[in-house]
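Residue numbers (the UniProt record's numbering): 1 to 320. The C-beta atom is built at its ideal place from N, Cα and C for all residues, glycine as well. Accompanying notes for the structure given below.
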């Protein structure tokens, strides 16, 4: 898939390296995620917050060994190649552990169908590290209430959000404000296309890759790798009964139940409910309380560049 980005993506964020250093030494990588919820009947708005797990920066997948094995099982390469994508030994924060041994029961699939489902070029089941970004990702169920919060009042994709990481080990708090977009649905859907376009604005092309490698980068591969990185039990959670629905409701689907394990990376029910949420930060703030007598607080804001071309990060020191 050829990415045609008409806007200039922001430069690599100055806070990025420190955040990556901190988050790589934390497990699990939990954070509080807040949205603005609008009552569909009264129109009244109220804040909603829940705990989520940071996966990785978008387009920078760190695939676990077991996830890569699952991906290879579903993919038939046209020629043997070695992926340049990082494995779980390179970074501890992104993949969910999937080290359990299991037999796969995904059924027979034709080679053409396997390649078609992954999208992009036929060489491998994962993307080359063609792009990088400062966009935070986590996974969710499309049936969750927060998904509806990530659409603006006009119906366009993208909702105002705030993410808060409290890293006790470092006595440090990270606060991220911006817009979040939901992807993983039908690639032909208008809202899905628009969400991908908005995410693309924050993607930077890495040097050293050929035109073909850039063209072969695939949204479908990236989303499928996110699903593969989950444990079979977590994948199975996308076949739970609808979150928040009443247990006494009649007409419940008997195939939707708790505790299922999913080994098929293209399970139709699980994948229809699986989504990736991508946060495009507009403001990032750190409060470092390591030394109370010398506590520090820094805020970075994404602002228009003085020459009118693109954006840049503005740094400001604050009192904690």
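Could you tell me the distance, in whole angstroms, from the CA atom of residue i to the CA atom of residue j?
i	j	result
residue 252	residue 152	31 Å
residue 243	residue 293	46 Å
residue 115	residue 288	Note on residue 115: pLDDT 45, under 50, position unreliable in the model; no value is reported.
residue 42	residue 272	30 Å
residue 55	residue 137	6 Å
residue 175	residue 231	28 Å
residue 324	residue 183	No answer is possible for residue 324: the residues shown for the chain start at 1 and end at 320.
residue 286	residue 51	19 Å
residue 94	residue 147	The predicted model places residue 94 with a pLDDT of 43, which falls under 50 and marks its position as unreliable; any figure quoted below should be read in that light. If you take the alpha carbons of residue 94 and residue 147, they lie about 22 Å apart.
residue 336	residue 313	In this structure the chain extends from 1 to 320, so residue 336 is not present and cannot be described.
residue 25	residue 62	15 Å
residue 218	residue 311	26 Å
residue 21	residue 60	15 Å
residue 259	residue 53	20 Å
So residue i and residue j are in contact, right, with Cβ under 8 Å, and what is the actual spacing, rounded?
i	j	result
residue 37	residue 29	Not confirmed; about 24 Å, so no contact.
residue 23	residue 161	Not quite, the Cβ-Cβ distance comes to about 18 Å (not below 8 Å), so this is no contact.
residue 31	residue 163	5 Å
residue 229	residue 64	6 Å
Taking only three categories from DSSP, how would you classify residue i?
i	result
residue 178	strand
residue 31	strand
residue 236	helix
residue 69	helix
residue 56	strand
residue 298	strand
residue 305	coil
residue 18	helix
residue 318	strand
When you compare the CB positions of residue i and residue j, do they come within less than 8 Å of one another, or not?
i	j	result
residue 222	residue 127	yes
residue 157	residue 181	yes
residue 201	residue 7	yes
residue 159	residue 282	no
residue 199	residue 256	no
residue 262	residue 236	yes
residue 316	residue 299	yes
Would you call residue i buried or exposed, if buried means 16 or more other Cβ atoms sit within 10 Å of its Cβ?
i	result
residue 319	exposed
residue 35	buried
residue 239	buried
residue 268	exposed
residue 291	exposed
residue 101	Since pLDDT at residue 101 reaches only 38, below the 50 mark, its modelled position is unreliable, and the value read off the structure follows with that caveat. It counts as exposed.
residue 124	buried
residue 302	buried
residue 331	Absent from the model: residue 331. The displayed extent of the chain is 1 to 320, so no value can be given.
residue 10	buried
residue 48	exposed
Comparing the CB of residue i with every heavy atom of the ligand FAD, is any distance shorter than 7 Å?
i	result
residue 47	With respect to the ligand FAD, the structure offers nothing, as it holds no ligand at all.
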